[in-house]
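Protein chains in written order, with my numbering: chain S, 2 to 376; chain X, 6 to 218. Data block below; observations after.
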Amino acid sequence: MPQSNRSRERLEALLATAVDGIVIIDKAGLVQVYSPACERLFGYTSNEVVGRNVKMLMPSPYHERHDDYLGHYRDTGEKRIIGIGREVVGRRKDGSTFPMYLSVGDGSFEGEATFVGIIHDISDRHRAEQRVAELQSELLHVTRLSAMGQMASALAHELNQPLTANMNYIKAALRLSEGEHDPVLVRELLTKAAAQTTRAGDIIRRLRDFIEKGQSVHVAENLNEVVEEALDLALVGAADANVKVLRDLAHGLPTVSIDKIQIQQVVHNLVRNAIEAMQGCRVAQLTISTRMQDRGAVIVSVEDTGAGLAPDVFEKLFQPFVTTKDTGMGIGLSVCRSIIEAHRGRIWAEADAMTGGTKFMFQLPVREGAVNGFV
Amino acid sequence: MGLSEKKILIVDDDEAVRDSLRALLMSAGFSVCDFGSARAVLDAGAIEGGCLIADIRMPDMDGLELQEELNRRGSEWPVIVVTGHGDVPLAVRAMKAGAVDFIEKPYDDDVLLEAVRRAVVSRPRKLEVTDTDKDSKARLAALTARERDVLGHVIAGRPNKLIAFELGISPRTVEIHRAHLMEKMCVKSLPELVRLALVAGIEPAPATREQTN
Numbered sequence: 002m003p004q005s006n007r008s009r010e011r012l013e014a015l016l017a018t019a020v021d022g023i024v025i026i027d028k029a030g031l032v033q034v035y036s037p038a039c040e041r042l043f044g045y046t047s048n049e050v051v052g053r054n055v056k057m058l059m060p061s062p063y064h065e066r067h068d069d070y071l072g073h074y075r076d077t078g079e080k081r082i083i084g085i086g087r088e089v090v091g092r093r094k095d096g097s098t099f100p101m102y103l104s105v106g107d108g109s110f111e112g113e114a115t116f117v118g119i120i121h122d123i124s125d126r127h128r129a130e131q132r133v134a135e136l137q138s139e140l141l142h143v144t145r146l147s148a149m150g151q152m153a154s155a156l157a158h159e160l161n162q163p164l165t166a167n168m169n170y171i172k173a174a175l176r177l178s179e180g181e182h183d184p185v186l187v188r189e190l191l192t193k194a195a196a197q198t199t200r201a202g203d204i205i206r207r208l209r210d211f212i213e214k215g216q217s218v219h220v221a222e223n224l225n226e227v228v229e230e231a232l233d234l235a236l237v238g239a240a241d242a243n244v245k246v247l248r249d250l251a252h253g254l255p256t257v258s259i260d261k262i263q264i265q266q267v268v269h270n271l272v273r274n275a276i277e278a279m280q281g282c283r284v285a286q287l288t289i290s291t292r293m294q295d296r297g298a299v300i301v302s303v304e305d306t307g308a309g310l311a312p313d314v315f316e317k318l319f320q321p322f323v324t325t326k327d328t329g330m331g332i333g334l335s336v337c338r339s340i341i342e343a344h345r346g347r348i349w350a351e352a353d354a355m356t357g358g359t360k361f362m363f364q365l366p367v368r369e370g371a372v373n374g375f376v
Numbered sequence: 006m007g008l009s010e011k012k013i014l015i016v017d018d019d020e021a022v023r024d025s026l027r028a029l030l031m032s033a034g035f036s037v038c039d040f041g042s043a044r045a046v047l048d049a050g051a052i053e054g055g056c057l058i059a060d061i062r063m064p065d066m067d068g069l070e071l072q073e074e075l076n077r078r079g080s081e082w083p084v085i086v087v088t089g090h091g092d093v094p095l096a097v098r099a100m101k102a103g104a105v106d107f108i109e110k111p112y113d114d115d116v117l118l119e120a121v122r123r124a125v126v127s128r129p130r131k132l133e134v135t136d137t138d139k140d141s142k143a144r145l146a147a148l149t150a151r152e153r154d155v156l157g158h159v160i161a162g163r164p165n166k167l168i169a170f171e172l173g174i175s176p177r178t179v180e181i182h183r184a185h186l187m188e189k190m191c192v193k194s195l196p197e198l199v200r201l202a203l204v205a206g207i208e209p210a211p212a213t214r215e216q217t218n
């Protein structure tokens, strides 16, 4: 057997068995060799690729620039990827992309300058990294929520003092003013009561500052994903509440520039409220929806089939310390409002005439930069 | 002896609460003596006090410790304990240690003044069987087994959700039991309920399913 045939067979055996993809191109970028592993990676058969420009395996912008890269190396000899290797993105026949580790060597093959690329698919590693990132973000979220819970408890205790003092002063003033009294003393008591109201207000302001200035990071996010994650978390432990959950999430929503954790806190709060509102109800259905509103805003709504709210409650629903729950503090919704307003959005509630339940909605602006004024 | 002749003692570390409570009591005709710490009360020595209103949460020495120390010194003052949000277990301990009443902040002025009057007039040293408590056992007998279970957890200071978890029923059901038992025990407030339950010999239910308290 001639020597050249032996080495060709060896080369073919190597190409056929290599787990990583191997591509050999000439100095113009035309594919000379395309190994079987590449067929699996890219979805193209060898016939479809050999003889064509390798840039077909790359997504934009590398697709457009690859010829220039080759020219640059030819003209200057400057090595940017050759001999080093790096993580790049490959483009499959169906147009999808995948992360890959590409190492490139240069040499000559049958007298011509050639480049050999070895392609290692790192999608799995990426997926694992992504999952870790997701779990970290969930953990952060839970931590934040529990910090909020602890803060609410501390706050409840702290607010008790000015509220108690306020009430005492006012009741004392009322008692005194019933009989013969010294107007100066009554006035003094009322002034002190007012000071205690200011003190309570300062506590609330500190809470708002904590939420608004606490390392708020606004990033372009997919609203549906943000909502779904928060929903899943809020539904943990709600299985025994027999709540039926409907998701009506609009397709093709533009991204919103938000602090994901904060918005998830709002969704979490609304969902938990909805579930609580339906405790003991015969029909318990929670509908969460996202949709586009005109004028560059998206709307998220959380709807329950609970007993509904009294009309007079609606007006003051988002004020601190207004609650319809036996053990509620009336802080959750006022915090929600702070968050949404800090995002230049709006939050409100409506009664649902059909079901008798309540629908909470919030609106967020879509335009990039719409929240830039907020630090 | 008239109500106004004996001083009402107040101890609270929050100046505004203390000052406002003094104003309220004075507007109702009481004379008042107030202290900023438990230590200051003990330092004041023997005062002819009508009753002592003590905040349960104070730095250094809290209301409960003050009460124990006063007991040790053989004080005659009836003690009313004032608690904040979620302090029911502490309040129950205080009542077992001899406090005559506890009041949750923020409170209604009528509730507070009524408690003060009761303490000053009847001077109940501790949980004694008074006229209103005589039929507490009879009222207790009217409770169903489930309502009795719920009562035990309520006076242990557990919120409805936790009681529901402990008993394996829904929070809504707990709410209903709770409303029924309040009605059957003829009480309108949690302090009244705790007082009556302790008089009737009901013990706070220990946690069975919680990991920590």
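Glycine included, C-beta positions come from ideal geometry on N, C-alpha and C. Being a predicted model, the structure only gives us computed values, none of them experimental.
Nearest to X:Asp19 by C-alpha distance, out of S:Ala166, S:Leu175, S:Gln286 and S:Gly358, is S:Ala166. With a cutoff of 8 angstroms on beta-carbon distance, X:Leu186 and X:Glu208 are scored as not near each other. Taking the Cα positions, X:Phe170 is about 32 angstroms away from S:Val301. Counting along the chain, S:Ala235 sits inside the alpha helix (DSSP H) bounded by residues Leu224 to Leu236. In the structure shown, the three-state DSSP call for X:Ile52 is coil. At a Cβ-Cβ threshold of 8 angstroms, X:Val199 and X:Val97 count as neighbours. Chain X places no beta carbon closer than 8 angstroms to that of S:Ala278, leaving this residue out of the contacts. Under a criterion of Cβ atoms nearer than 8 angstroms, the residues of chain S adjacent to X:Arg177 are, in order, Gln280 and Gly281.
Residue contact check for X:Lys110 against chain S: a CB pair falls below 8 angstroms. Here the segment 5-17 of chain S makes no contact with the segment 42-50 of chain S; the two share fewer than three CB pairs at distances below 8 angstroms.
In the DSSP assignment, S:Glu113 falls within the unbroken beta strand (DSSP E) covering Glu113 to Asp122. Listed along the chain, the chain X residues whose CB falls inside 7 angstroms of the CB of S:Gln265 amount to none; the nearest CB is some 22 angstroms away. The beta carbon of X:Gly68 is closer than 6 angstroms to those of Ala59, Asp60, Ile61 and Val86 in its chain, skipping five residues each way along the sequence.
Annotation: S:Cys39 is outside any beta strand (DSSP E); the continuous alpha helix (DSSP H) that includes it extends over Pro37 to Phe43. 8 angstroms or more divides the Cβ of S:Leu234 from the Cβ of S:His182. For X:Val179, the three-state secondary structure derived from DSSP is helix. One finds nothing in chain X with a Cβ atom closer than 7 angstroms to the Cβ of S:Ala311; even the nearest lies about 18 angstroms away. S:Cys39 and S:Gly22 have their C-alpha atoms roughly 5 angstroms apart. By alpha-carbon distance to S:Ile83, the top candidate from S:Asn54, S:Ala14 and S:Thr115 is S:Thr115.
Note: S:Arg92 is bridge-paired with S:Thr98 in the DSSP secondary-structure output. Here the alpha carbons of S:Glu49 and S:Asp69 stand approximately 23 angstroms from one another. The CB of S:Lys193 comes closer than 9 angstroms to the CB of Ala21, Asp24, Ser25 and Ala28 in chain X, given here in chain order.
In the three-state reduction of the DSSP assignment, S:Lys360 falls in the strand class.
With contacts defined by Cβ atoms closer than 8 angstroms, S:Thr356 and S:Ala278 do not form a contacting pair. In this structure, the CA atom of S:Val34 is about 5 angstroms from the CA atom of S:Val24. Around S:His269, no beta-carbon contact reaches into chain X at under 7 angstroms, the shortest distance being about 17 angstroms. The three-state reading of DSSP puts S:Gly333 in helix, counting H, G and I together. Chain order gives the chain S residues near X:Ser32 as Ala173, Arg176 and Leu177, where near means a beta carbon separation below 7 angstroms. Rounded to whole angstroms, the gap between the alpha carbons of X:Ala45 and S:Leu224 is 58 angstroms. Sequence-distant Cβ neighbours of S:Ser178 in its own chain, meaning closer than 8 angstroms and more than five residues away, are Val187. Among the residues of the segment 158-173 of chain S, those with a Cβ less than 8 angstroms away from any Cβ of chain X are His158, Asn161, Gln162, Pro163, Leu164, Thr165, Ala166, Asn167, Met168, Asn169, Tyr170, Lys172 and Ala173, in the order of the chain. For S:Thr77, the enclosing alpha helix (DSSP H) has its first and last residue at Tyr63 to Thr77. Against chain X, the CB of S:Leu208 has no partner CB under 8 angstroms away; the residue lies outside that interface.
Straight-line measurement puts the Cα of S:Glu79 at about 16 angstroms from the Cα of S:Arg87. Sixteen is the threshold: when 16 or more other Cβ atoms of the shown chains lie within 10 Å of the Cβ of S:Val105, as they do, the residue is buried. For a cut-off of 8 angstroms, the C-beta gap from X:Ala28 to S:Leu190 is around 6 angstroms, short enough to register as a contact.
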